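Working notes, structure below.
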Amino acid sequence: MAGEKWVRMVTAQTPTNIAVIKYWGKRDENLILPVNDSISVTLDPAHLCTTTTVAVSPSFDQDRMWLNGKEVSLAGARYQNCLREIRARACDVEDEEKGVKIAKKDWENLHVHIASYNNFPTAAGLASSAAGFACLVFSLAKLMNAKEDNSDLSAIARQGSGSACRSLFGGFVKWIMGEAKDGHDSRAVQLVDEKHWDELVIIIAVVSSRQKETSSTSGMQDSVNTSLLLEHRAKEIVPKRIVRMEEALKTKDFGSFTELTCADSNQFHATCLDTSPPIFYMNDTSHRLISCVEKWNRSEATPQVAYTFDAGPNAVLIARNRKAAAQLMQKLLFYFPPNSDADLDNYVIGDKSILKDAG
Ligand code: DP6
2 MAGEKWVRMV TAQTPTNIAV IKYWGKRDEN LILPVNDSIS VTLDPAHLCT
52 TTTVAVSPSF DQDRMWLNGK EVSLAGARYQ NCLREIRARA CDVEDEEKGV
102 KIAKKDWENL HVHIASYNNF PTAAGLASSA AGFACLVFSL AKLMNAKEDN
152 SDLSAIARQG SGSACRSLFG GFVKWIMGEA KDGHDSRAVQ LVDEKHWDEL
202 VIIIAVVSSR QKETSSTSGM QDSVNTSLLL EHRAKEIVPK RIVRMEEALK
252 TKDFGSFTEL TCADSNQFHA TCLDTSPPIF YMNDTSHRLI SCVEKWNRSE
302 ATPQVAYTFD AGPNAVLIAR NRKAAAQLMQ KLLFYFPPNS DADLDNYVIG
352 DKSILKDAG
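Okay, so the sequence shown: first residue is 2 according to this note's numbering, each after it adds one.
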């Protein structure tokens with residue numbers, strides 16, 4: 002291959018996901034194995050997604066990566082684990098159109114360039130690492146002609162960022178914590194696809210697009226080491242909630258879905274407060290949003306909107322249908338008018354969605 006001049010490129014787009022039953026705490030830091038199962042909804046790629054182009058060429062002399070146009074280091078264990086795992090699964094590639102022929106054994110000596118863009122704020126509690134690592138693993142797998150399915154790829158993406166494993170599927174997705182020491186059974190499965198409950202509308206109220214102060218990774222490490230609530234949550238509470246949530250999704254029971262989603266978000270933030278030093282991800286605006294939704298839900302015969310907050314102050318609001326979503330927008334604009342002290346940075350509206358393969 003020496004002296005050859007060619008570039009092979011693949012582009013893929015992966016949406017982010019938002020957990021309705023949260024992952025918080027690892028039992029293995031290196032392999033990223035969680036202390037409980039979690040369930041999430043995958044968002045519409047038009048609004049919150051990562052687009053990644055990966056390229057390979059004999060003229061590249063090292064692996065390199067650019068995130069939102071700025072070069073970042075690939076030296077960290079998470080990137081290295083993902084690259085190693087995908088390389089180990091690389092197969093022969095024959096692209097007659099471009100005159101590219103790569104034998105399985107050549108991949109050891111070839112280097113990749115990776116360019117990744119988020120169409121939403123990075124590290125502001127909008128699960129940017131989830132979309133990022135899912136897209137990285139997916140696009141590399143296509144580039145290297147790996148034969149693994151999305152479930153196998155999810156176990157690799159997990160090693161980049163835990164929540165990333167759930168972004169390999171659309172609809173509602175469960176990350177099974179698994180039992181094996183090597184983590185091969187800690188992977189994602191699709192519970193229901195994006196068409197199953199398509200009345201739901203997701204609105205993200207961007208309270209702040211600033212980068213969060215405590216990363217999920219270090220926050221959950223502190224919680225595992227210091228929070229008594231976390232063990233109780235992982236062992237006693239979440240397993241029961243997972244069973245009930247799966248049932249609520251299957252039967253499209255919005256009342257039960259809302260009760261579980263809100264309770265789990267609140268318990269996750271209670272666990273953060275129970276951590277030493279305490280972690281505050283939500284702010285006054287987040288708390289006011291919760292009160293507003295709770296009051297509204299209680300004034301109706303059945304709940305209209307579920308809320309959930311990840312490791313940041315931004316609200317993910319899931320409306321039962323388009324009518325509820327329109328009413329919600331009205332309320333948000335009334336109670337949180339733009340350009341006031343309590344304003345929101347932005348709104349993002351979208352539906353649930355499916356992974357798009359642009360490769
Ligand atoms: C609050 O997946 O970002 O969003 O595995 O250390 O990369 P690492 O953490 P990350 O944590 C996500 C935490 C959460 C809940 C969730 O998505 O389930």
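Every residue, glycine too, gets a C-beta built ideally from N, C-alpha and C.
Computed from a predicted structure; not experimentally measured.
**Request:** In the DSSP assignment, find the unbroken beta strand (DSSP E) run with PRO16 in it and report its ends.
**Result:** Looking at the DSSP string, the run of the beta strand (DSSP E) that includes PRO16 is 9-16.
**Item:** Coil, strand or helix - HIS114 by DSSP
**Value:** In the structure shown, HIS114 sits in a strand (DSSP, three-state: E or B).
**LEU68, enclosing beta strand (DSSP E) - first and last residue** = 65-68 is the extent of the beta strand (DSSP E) around LEU68.
**Request:** Starting from SER39, follow its DSSP beta bridges and name the residues at the other end.
**Result:** Residue pairing by DSSP places SER39 opposite TRP176 in a beta bridge.
**Prompt:** So THR53 and ALA91 are in contact, right, with Cβ under 8 Å, and what is the actual spacing, rounded?
**Reply:** With a Cβ gap of about 17 Å, THR53 and ALA91 do not count as contacting.
**Prompt:** Counting along the chain, where does the beta strand (DSSP E) carrying GLY258 start and finish?
**Reply:** In the sequence on display, residue 258 carries Phe and not Gly. Element bounds for PHE258: not the beta strand (DSSP E) but the alpha helix (DSSP H), 255-274.
**Message:** According to DSSP, simplified to helix, strand and coil, what is SER74?
**Reply:** Of the three classes helix, strand and coil, the one that applies to SER74 here is coil, per DSSP.
**Request:** Give the single residue among GLU200, ASP311, GLU98 whose Cα lies nearest to the Cα of SER287.
**Result:** Per the Cα distances, ASP311.
**Prompt:** Do ILE204 and MET330 come within 8 Å of each other at the CB atom, strictly closer than that value?
**Reply:** In this structure, MET330 sits near ILE204, with a CB-CB distance shorter than 8 Å.
**Request:** Compare the beta carbon distance of ALA189 and ARG167 with 8 Å and say whether it is the shorter of the two.
**Result:** Yes.
**Request:** Can you give me the Cβ contacts of THR17 inside the same chain, cut-off strictly under 6 Å, excluding the 5 residues immediately before and after it?
**Result:** LEU44, LEU49, ALA128, ALA131, ALA132, listed in sequence order.
**Request:** Please find out if some non-hydrogen atom of ligand 1 comes closer than 7 Å to the beta-carbon of GLY77.
**Result:** Because no heavy atom of ligand 1 lies under 7 Å away, the Cβ of GLY77 does not count as near it: no.
**Request:** Return helix, strand or coil for ARG159, following the three-state DSSP convention.
**Result:** In the three-state DSSP reduction, ARG159 falls in the coil class, being neither helix nor strand.
**Request:** Determine the DSSP secondary structure at MET119, reduced to helix, strand or coil.
**Result:** Looking at the sequence shown, residue 119 is not Met but Asn. Looking at ASN119 - three-state DSSP - the assignment turns out to be strand.
**Prompt:** Can you find a heavy atom of ligand 1 that lies under 7 Å from the Cβ of LYS296?
**Reply:** No; taking the cut-off as 7 Å, the Cβ of LYS296 has no heavy atom of ligand 1 nearer than that.
**Asked** Using DSSP with H/G/I as helix, E/B as strand and the rest coil, what is ALA124?
**Response** Because ALA124 carries a pLDDT of 47, less than 50, the predicted location of this residue cannot be relied on, and the following value inherits that uncertainty. Residue state, collapsed to three classes: coil.
**Asked** Per DSSP, what kind of secondary structure is LYS23 in: helix, strand or coil?
**Response** The answer is coil: DSSP assigns LYS23 none of H, G, I, E or B.
**Asked** Hey, is GLY163 close to ligand 1, as in C-beta under 7 Å from one of its heavy atoms?
**Response** For GLY163, the shortest separation between its Cβ and any heavy atom of ligand 1 lies below 7 Å.
**Request:** State yes or no: is the C-beta of MET246 within less than 8 Å of the C-beta of LEU231?
**Result:** No, Cβ-Cβ distance for MET246 and LEU231 is not below 8 Å.
**Message:** Closest to GLU214 by C-alpha separation, out of ARG289, GLU248, TYR282, would be which residue?
**Reply:** Closest by alpha carbon: TYR282.
**Item:** SER277 versus PRO314: straight-line alpha-carbon distance, rounded
**Value:** If you draw a straight line from the Cα of SER277 to the Cα of PRO314, it comes to about 20 Å.
**Item:** Any non-hydrogen atom of ligand 1 closer than 7 Å to LYS332 Cβ
**Value:** Not so, every heavy atom of ligand 1 lies at least 7 Å from the Cβ.
**Message:** Using C-beta distances below 6 Å, list every residue in its chain close to VAL11, excluding the 5 sequence neighbours before and after it, in chain order.
**Reply:** Cβ within range, chain order: VAL55, SER140, LYS143, LEU144, GLY360.
**Asked** Can the beta-carbon of VAL101 be found closer than 8 Å to that of TRP176?
**Response** Not in contact: VAL101 and TRP176 (Cβ atoms no closer than 8 Å).
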